[in-house]
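*Asks:* The structure that follows is given in the form of structure tokens.
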Amino acid sequence: MPSPRNKQVQPNGGANVDTKDKSSPVTTLGNDGGVLCLGAFRTGTYSMTTALNILGIDRVLHGRHMATWAKESPRLLQQWGRAAWANLPYMRVLYPDSGRLPGWLSPEFAADTTSFTREEWDELLCDFHSIADVACLYPESLIKAYPCAKVILCYRDADKWAASMDQTLVQTVAGWTGTLVRLVEPLTGTFGFTMRWDVLKAWFGVGTVGEMRAVYKEKYEAHYEGVRALVPPGQLLEYRLGDGWGPLCEFLGVPEPEMAFPRVND
Numbered sequence: 001m002p003s004p005r006n007k008q009v010q011p012n013g014g015a016n017v018d019t020k021d022k023s024s025p026v027t028t029l030g031n032d033g034g035v036l037c038l039g040a041f042r043t044g045t046y047s048m049t050t051a052l053n054i055l056g057i058d059r060v061l062h063g064r065h066m067a068t069w070a071k072e073s074p075r076l077l078q079q080w081g082r083a084a085w086a087n088l089p090y091m092r093v094l095y096p097d098s099g100r101l102p103g104w105l106s107p108e109f110a111a112d113t114t115s116f117t118r119e120e121w122d123e124l125l126c127d128f129h130s131i132a133d134v135a136c137l138y139p140e141s142l143i144k145a146y147p148c149a150k151v152i153l154c155y156r157d158a159d160k161w162a163a164s165m166d167q168t169l170v171q172t173v174a175g176w177t178g179t180l181v182r183l184v185e186p187l188t189g190t191f192g193f194t195m196r197w198d199v200l201k202a203w204f205g206v207g208t209v210g211e212m213r214a215v216y217k218e219k220y221e222a223h224y225e226g227v228r229a230l231v232p233p234g235q236l237l238e239y240r241l242g243d244g245w246g247p248l249c250e251f252l253g254v255p256e257p258e259m260a261f262p263r264v265n266d
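Per the UniProt record's numbering, the sequence shown starts with residue 1, numbered consecutively.
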């Protein structure tokens, strides 16, 4: 079976397509190029993914794609678990007992206390031109691993972002349906919802929904300040949906398409 790194679920919901030989206006992350889309969840990350695809940047990893790949390769989900365990220190607060680890994390990776390396990121990303959505979880590690990559920082009004996070992503994984799915996952051997909820809690540094709601805006603002501090101005594009093709195409050095900028609800 081809490596999941060389396959992508297209933004229009189509089947997996091997895009290994297609040309792109940017080189892959593994070849010291690429684009890191480090905007937070619910800031238009899927619209940006679609826009990059339209511009010829075909291999963009978005969080939506990972569920499909996890079914194809459980080991791949474990590798992403290692990334979360290594880069989100609050995970060890959520799981202080090595004998009671989540199903998405192998004991082998839990025992590894080293930093997540460039080589490990390459195992997941070397054949991709870009990563979006889940990239916001690991800005410091990704920027360190891929210092030559361009960085796009999608943003929106903080209050609207907090409302969107609460009504969609958080309610999906922490509401009644999500809770039921997480309770059943140990029986099915799939841990996608459990991992998503654990990662969200660790990213916010909290243990409950109530605690998360109390720090929505604080975390949002700290995330953007942190990225700005890490990226040289010439490598960073701060982009608000509604800015159109102009700033993005100028940043990437490509001509503007003769079509409207995509708006996809992610």
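Built from N, CA and C at the ideal position, the CB exists for glycine as well. This structure is a prediction, so every number in the text was calculated from the model and none was measured.
Flag this pair as yes or no: are the beta carbons of Leu38 and Pro139 separated by less than 8 Å?
*Replies:* yes
*Asks:* Give the single residue among Val199, Trp176, Pro147 whose Cα lies nearest to the Cα of Thr28.
*Replies:* If we check each option's Cα against that of Thr28, Pro147 comes out closest.
*Asks:* Restricting to Cα atoms, I'd like to know which of Ile54, Arg75, Ser24 is closest to Gly189.
*Replies:* Arg75
*Asks:* Figure out for me which residue from Ala51, Gln171, Arg42, Val215 has the closest Cα to the Cα of Ala135.
*Replies:* Arg42
*Asks:* Let me check one thing: in DSSP terms, what residues is Glu238 bridge-paired to?
*Replies:* Leu153
*Asks:* Which two residues bound the contiguous beta strand (DSSP E) that contains Val35?
*Replies:* 35-37
*Asks:* Please confirm whether Ser24 and Asp58 have their CB atoms less than 8 Å apart.
*Replies:* yes
*Asks:* Less than 7 Å between C-beta atoms, sequence neighbours within five positions excluded: which residues of the same chain meet that for Gly205?
*Replies:* Tyr90
*Asks:* Quick check on Lys150: buried or exposed, where buried means 16 or more other Cβ atoms within 10 Å of its Cβ?
*Replies:* It counts as buried.
*Asks:* Among the candidates Trp161, Gly30, Glu258, Glu256, whose CA atom is the shortest distance from the CA of Val215?
*Replies:* Trp161
*Asks:* May I ask you to report which of helix, strand or coil DSSP gives residue 267?
*Replies:* Limits of the chain in this structure are 1 at one end and 266 at the other, which puts residue 267 out of reach.
*Asks:* Work out the CA separation of Thr50 and Val264 for me, nearest whole Å.
*Replies:* 8 Å
*Asks:* Ignore the nearest five residues each way along the sequence and tell me which others in Gly44's own chain have a CB closer than 6 Å to its CB.
*Replies:* Cys154, Leu241
*Asks:* Assign Arg196 to buried or exposed, taking buried as 16 or more other Cβ atoms, counted over all protein chains shown, within 10 Å of its Cβ.
*Replies:* Arg196 comes out buried.
*Asks:* Using a Cβ-Cβ cutoff of less than 6 Å, which residues in the same chain neighbour Val254 once the five nearest sequence positions on both sides are dropped?
*Replies:* Pro25, Leu55
*Asks:* Roughly how many angstroms lie between the CA atoms of Ser98 and Phe109, to the nearest whole one?
*Replies:* 11 Å
*Asks:* Assign Asp159 to one of two classes, buried (16 or more other C-beta atoms within 10 Å of its C-beta) or exposed (fewer than that).
*Replies:* exposed
*Asks:* Assuming the contact rule is C-beta atoms closer than 8 Å, Pro102 and Thr194 should be a hit. Round their C-beta distance to whole Å, please.
*Replies:* 6 Å
*Asks:* Please determine, among Val181, Leu252, Trp245, the residue with the shortest C-alpha to C-alpha distance to Glu258.
*Replies:* Trp245
*Asks:* In the DSSP assignment, find the alpha helix (DSSP H) that holds Glu258 and state where it starts and stops.
*Replies:* Segment: none, Glu258 is in no alpha helix (DSSP H) and carries neither H nor E.
*Asks:* For Pro262 and Ala111, what's the separation of their Cα atoms in angstroms?
*Replies:* 43 Å
*Asks:* Are there three or more Cβ pairs, one per stretch, closer than 8 Å when the stretch 112-129 is compared with the stretch 73-88?
*Replies:* yes
*Asks:* Does the distance from the C-beta atom of Val199 to that of Leu88 stay below 8 Å?
*Replies:* yes
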